[in-house]
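The numbering of the sequence shown is the numbering used here, which starts it at 2 and goes up by one.
Note that CB positions come from ideal geometry on N, CA and C, so glycine has one too.
Predicted model, so just to flag it, every value in this text is computed and none were measured.
Report on the following structure.
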Amino acid sequence: MARGQVSMPIDSVKHVPILFIMAKKPPALAVQTYEHATRIAESHLREMEARGSPELMLMHEATIYKYYGWVFCFNSADFDPKNISTYLAGNAPFIFLKSDGSVVDTSSAYSIERNLEEFEQRLSK
């Protein structure tokens, strides 16, 4: 083992380096990546399915990149743009926040643009 390295069992809290104990959140969560956001977004879809939604999928090509995170759009897993009967009605995108990894649902009553405008106004307050 190199000088300065500490061997520690992962499952043992008493051996956690002091840096992790003092940090407000683990350093790995301090910077969110698109890959991490996608995993959380997929988990959010699975929760929606558990509440009664049909099988869902992210529409990666429709993802909107913002300074505060990503806006994920989704549709039914059997979505076919050539077949209107496969379109999921009443769905609205959700926002993944880079700052804390949380997911914010938006309203299907408004356009994406209006939802984001209102969300960004709340962020600036």
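- Inside the region 73-109, DSSP marks whole beta strand (DSSP E) runs of 3 or more residues at positions 75-77, 95-98, 104-106, from first to last along the chain.
- For M49, the enclosing alpha helix (DSSP H) has its first and last residue at 35-51.
- In this structure L57 is buried. Its beta-carbon is surrounded by 16 or more other beta-carbon atoms within 10 angstroms.
- For A42, the closest alpha carbon among the candidates V105, L89, R115 is that of V105.
- Here A90 is actually not in contact with S108; their C-beta atoms are around 14 Å apart, not less than 8 Å.
- By the neighbour-count definition (other C-beta atoms within 10 Å, threshold 16), N84 is an exposed residue.
- Around the CB of A51, fewer than 16 other CB atoms lie within 10 Å, so the residue is classed as exposed.
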